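Working notes, beginning with the structure itself.
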Amino acid sequence: MPKGTGEGLHILPETLHVGLKLKDLRKRDIQLLQKKRRLLKETPFDIPDDMKRKGLTSSVMATLVFAQEEAGTAVCISPDGILLTCSHCIAETLEDFDDSKSHWLLFASGQVVEAKALAWEAKRDLALLKITSAQQPPPSSGQSPSSSPSPSLTAPFPFVTLSTAPPALKARLICIGHPGSEDFEAALPGTKTDYDVLHLSTGTFRGCAEDQDPQDNSEIGALMHTCWTYWGHSGAPLVDRRMGTLVGLHSSWDDETGMRRGVAWEAISGFLEENKRYL
19 MPKGTGEGLH ILPETLHVGL KLKDLRKRDI QLLQKKRRLL KETPFDIPDD
69 MKRKGLTSSV MATLVFAQEE AGTAVCISPD GILLTCSHCI AETLEDFDDS
119 KSHWLLFASG QVVEAKALAW EAKRDLALLK ITSAQQPPPS SGQSPSSSPS
169 PSLTAPFPFV TLSTAPPALK ARLICIGHPG SEDFEAALPG TKTDYDVLHL
219 STGTFRGCAE DQDPQDNSEI GALMHTCWTY WGHSGAPLVD RRMGTLVGLH
269 SSWDDETGMR RGVAWEAISG FLEENKRYL
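Counting in the working numbering, the sequence shown runs from 19 upward without gaps.
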């Protein structure tokens, strides 16, 4: 069993073998988790130089991928492990929602965490989770494994803060998401894509759909953007490239226009205000 800390955060072992019992994770899912972790560690994430210079690395490294197949993306919004994602990434309906269920994710660094849901809302298409178990983070640059922090110091986690205001029209954005492994556009079913576990794309904010309430993303996201996305990007953070702050989440796309859609800042701000007891 994972080792606990005084603050209730459990420490997961460095090696997660298929014989280890991980709540709500099948053997096949553990194997997939291991594969994603290996790929994340073997393929260092390419953070834009301008964001490195501004000290905004954490805004990118705060992204997480779900361990299961085609399950989506999430982002950490607090140093103690509060995660934000789209509600449809963890449950399609309220009847399917189970706050006792464990969700397994990996940070961009490859660090594995277990999280439980705190809040879920279909209309805004948003959900909050809290990390309850985690592996030790990888050593920082120049730090040897033997000098890693003690098990009681797993937090803080890399995180991104919500912008204080919605982005300006045509503001430059980056989107960090988890593209699915199956090519749904290929003629032959089962054809695999060759995308990395995490993909960073750039684009701009194109406003919100005029005929849609930004608080209602139940059918399609109200926010419009031009960052490249693929199946599996749901829940991917949309980050203001200049400030490194969160301004939206990718959620969907308009199959008539090809425009990428997402959950707008207004909906995220309202959702977090209503659930501030968890923050």
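Glycine included, C-beta positions come from ideal geometry on N, C-alpha and C. These figures come from a predicted structure and were not determined experimentally.
Option nearest residue i by Cα separation, candidates the options
i	options	result
residue 213	131, 282, 249	249
residue 109	143, 284, 48	143
residue 300	50, 80, 289	Within the shown structure, residues of the chain are numbered from 19 to 297, placing residue 300 beyond reach of any answer.
residue 136	146, 127, 129, 128	146
residue 75	179, 52, 31, 32	179
residue 269	244, 55, 148, 49	244
residue 105	259, 238, 224, 295	238
residue 121	141, 85, 140	85
residue 187	265, 197, 125, 113	265
residue 295	148, 82, 191, 236	148
residue 55	236, 155, 127	127
residue 191	181, 95, 28	181
residue 235	189, 289, 83	289
residue 82	47, 38, 133, 113	133
residue 259	229, 276, 222	222
residue 65	39, 111, 219	219
Three-way DSSP call (helix, strand, coil) for residue i in this model
i	result
residue 57	helix
residue 103	strand
residue 264	strand
residue 194	strand
residue 229	coil
residue 166	Summary for residue 166: the model assigns pLDDT 46, below 50, so the residue's position carries little reliability; its value from the coordinates is reported in the next sentence. The answer is coil: DSSP assigns residue 166 none of H, G, I, E or B.
residue 47	helix
Residue i: first and last residue of the uninterrupted alpha helix (DSSP H) it sits in
i	result
residue 291	283-292
residue 78	75-79
residue 71	67-71
Residues near residue i in its chain [Cβ-Cβ closer than 6 Å; skip 5 each side]
i	result
residue 57	215
residue 226	232, 240, 241, 282
residue 273	none
residue 115	109, 138
residue 103	92, 145, 253
Limits of the beta strand (DSSP E) - the one that residue i falls within
i	result
residue 145	144-152
residue 133	130-139
residue 258	255-258
residue 122	120-125
residue 93	91-94
residue 241	241-243
Residues of its chain near residue i, where Cβ-Cβ distance is below 8 Å and the 5 sequence neighbours each way are ignored
i	result
residue 97	173, 174, 175, 177
residue 293	136, 137, 146
residue 118	134
Beta-carbon contacts of residue i that lie in its chain and below 7 Å, excluding the five residues immediately before and after
i	result
residue 322	Residue 322 lies beyond the stretch modelled for the chain, which goes from 19 to 297, so this question has no answer here.
residue 280	239, 241, 243, 256, 266, 267, 268, 269
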